[in-house]
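Residue numbers (the working numbering): 5 to 456.
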Amino acid sequence: MNNIEDILQYIDNLMFEETESNLTPIEKTILTGVWQKQAYSIIAKNFHCSESKIKQEAAKLWKKLGQVLGEDINSDNVRSRVEKKYRVSQASHSGDCLLLDNINIGGQFIQTNNYRQEHFKPPQPKHQTPIIDLTKVPELNYNYGRNSEVTTLKEWILENKTRLITIYGLSGIGKTALTLKLISEIKTEFDYIIYRSLDHLPQLITLKDKLKQFFSQSQSNPLPEIIDYFNSSRCLLIIDDVDNIFQFGNLAGQYLTEYKDYSKFFQQIATSSHQSCLILISSAKPPDIETLEIQNKHTKTLHLQGLGKDAKAILREKGLKDEDKWDELIRLYQGHPDWLNIIILTIIEFFNGKVSLFITANDDLFLGDIEALLENHLERLSELENKVINWLATQNEPIDIFQKPADFELSNARFLQIIQSLTRRCLVEKVLREEGVKFQLNSLLKVYLDMK
Ligand SMILES: Nc1ncnc2c1ncn2[C@@H]1O[C@H](COP(=O)(O)OP(=O)(O)OP(=O)(O)O)[C@@H](O)[C@H]1O
Ligand SMILES: [Mg+2]
């Protein structure tokens with residue numbers, strides 16, 4: 005992704021040329037928010053106005069921008085459409101040559117997307133200056149903690165030569181942020197590093213073409229397949245938002261029919277011999293990857309959980325008060341950085357930043373805008389998963405795998421399959437008890453379903 009400041013300036017210039025008026029503050033806030041994948045409700049909070057006002061203004065903005073760009077624009081496509089135009093405009097200003105600069109990421113993540121007038125550099129000697137393309141990475145400003153996860157991932161990649169790693173966890177838990185931190189620490193170990201998201205559902209062939217273009221830029225002879233580049237150089241490929249190519253309304257991790265070839269591609273990376281690594285990022289653990297993990301020692305998965313005590317840095321940075329209550333707040337919201345960010349806004353706005361007031365004022369756990377994020381998870385479930393999850397919400401103790409709802413016409417095997425799928429989605433958690441493994445619904449989701 006390009007720098008949002010540059011994009012705003014670019015859109016502002018375009019608008020001014022066409023309409024002789026600049027972007028208004030609310031329009032800039034909407035664009036910035038949409039760029040960061042924020043819901044309108046969050047943008048409204050940031051601008052201190054109602055959600056309906058933001059919706060109204062956004063609709064007008066998309067229409068205006070659509071006229072300026074000569075395309076249909078909406079909140080879903082604005083980023084890709086504008087970025088495409090922006091790239092073309094930059095390339096035409098700079099002799100058509102895109103050179104992705106080496107980056108220096110230190111704590112904060114700086115994306116580089118430099119266009120230069122000279123042509124590509126001659127091939128780089130291996131391990132000296134990695135060629136990095138993080139242009140499609142979302143802008144994530146803060147990255148606290150995660151030291152043990154980074155250590156584990158480094159060990160898998162550098163010592164165990166793991167070829168396929170899947171990082172999975174609830175949406176907003178910090179998977180992309182963690183991966184960026186990892187990249188900043190291992191970038192010198194690779195010849196090429198490239199990040200791509202499946203946000204816009206690219207066909208595998210399209211993605212492969214883009215990757216080949218990238219990997220071939222410093223080589224005199226293009227190679228036929230991605231795996232050939234993985235073999236001849238040390239490549240780190242990150243594919244984010246893999247859950248976009250999974251079906252809605254089916255069990256977790258079932259590929260959409262037209263995207264089944266991705267599974268074969270992942271399998272090829274895991275099972276062929278090479279010196280590179282593919283990191284997949286998904287909110288659910290795909291079953292095919294689970295099978296690979298059992299069969300193949302070069303495949304690993306990391307279930308990413310909350311930030312724990314490290315989340316205090318977020319509260320500190322936002323200037324919250326009552327430090328003695330921070331542990332409790334982090335526990336209630338599971339150290340989930342996105343959920344905490346939402347709650348922090350409410351605490352600042354309605355409780356003047358006082359955490360103790362917020363906690364005592366809420367007899368039930370306050371969810372606010374987190375509800376919309378939970379709904380996104382629920383929307384993906386199959387009918388049976390939905391039934392089981394609603395039943396789990398009525399259970400106050402972790403359940404045994406044989407303890408299925410009496411009024412469900414469901415075989416034990418089917419019930420187990422549903423629980424397994426919900427666990428893969430991180431909505432149901434395993435609890436280890438002396439008597440054996442038990443299962444319970446995520447506590448925040450339970451509060452939400454109880455309220456519904
Ligand atoms: N370690 C961290 N320290 C501070 N903030 C963090 C951290 N990790 C994530 N965040 C914040 O939480 C939000 C969500 O993070 P991120 O986008 O990485 O989550 P994700 O798991 O990739 O979500 P999704 O599944 O929706 O892509 C971001 O606003 C990010 O800045
Ligand atoms: Mg992400």
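For glycine and all other residues, C-beta sits at the position ideal for the given N, C-alpha and C. Since the structure is predicted, the reported quantities are computational estimates derived from the model, not experimental observations.
In this structure L324 is in contact with I351, their Cβ atoms being roughly 6 Å apart against a cut-off of 8 Å. With fewer than 16 other Cβ atoms inside 10 Å of its own Cβ, F406 counts as exposed. A direct Cα-to-Cα measurement between L27 and K88 gives close to 20 Å. In the three-state DSSP reduction, F270 falls in the helix class (H, G or I). For the 9 Å CB-CB criterion, Q309 and G339 form a contact. Looking at the backbone, the Cα of D326 and that of I363 are separated by about 11 Å.
Annotation note: the segment 373-431 contains the following uninterrupted alpha helix (DSSP H) runs of length 4 or greater, listed N- to C-terminal: 374-383, 387-396 and 416-428. For G440, there is no enclosing alpha helix (DSSP H); the enclosing beta strand (DSSP E) covers residues G440 to L445. Under the Cβ criterion (8 Å, minimum of three pairs), the segment 27-40 counts as touching the segment 55-70. DSSP, reduced to helix, strand and coil, places R83 within a helical segment of the structure shown. Between the beta-carbon of T180 and that of I285 there is about 6 Å, and that keeps the pair under the 8 Å contact cut.
A heavy atom of ligand 1 is found nearer than 8 Å to the CB of R150. For L284, the pairing in a beta bridge is given by DSSP as T170 and I243.
In this structure, the beta-carbon distance from I346 to G312 does not fall below 9 Å.
In its chain, beyond the 5 residues on either side, S386 have a beta carbon closer than 6 Å to the beta carbon of G253. Leaving aside the five residues that flank I231 on each side, the residues in its chain whose CB is nearer than 8 Å to its CB run, in chain order, Q272, I273, S276 and H278. K179 has its Cβ nearer than 8 Å to a heavy atom of ligand 2.
Listed in chain order, the beta strand (DSSP E) elements of length 3 or more contained wholly in the segment 287-337 are 303-307. With a cut-off of 8 Å, the C-beta of D76 is classified as distant from ligand 2, since no heavy atom of the ligand falls inside that distance. For S152, there is no enclosing beta strand (DSSP E); the enclosing alpha helix (DSSP H) covers residues N151 to K158. Within the same chain, Cβ atoms closer than 7 Å to the Cβ of L361 are found at F355, the five residues on either side in sequence being excluded.
By the neighbour-count criterion, in which 16 or more other beta carbons inside 10 Å mark a residue as buried, Q223 falls on the exposed side. Ligand 1 has no heavy atom closer than 8 Å to the beta-carbon of S84.
Under the three-state reduction of DSSP, K358 is assigned to strand. Counting along the chain, the unbroken beta strand (DSSP E) around D137 starts and ends at I135 to D137. Here the segment 137-156 does not lie against the segment 261-269, with fewer than 3 beta-carbon pairs under 8 Å apart. By the Cβ-count criterion, P228 is exposed, with fewer than 16 other Cβ atoms from all chains shown falling within 10 Å of its own Cβ.
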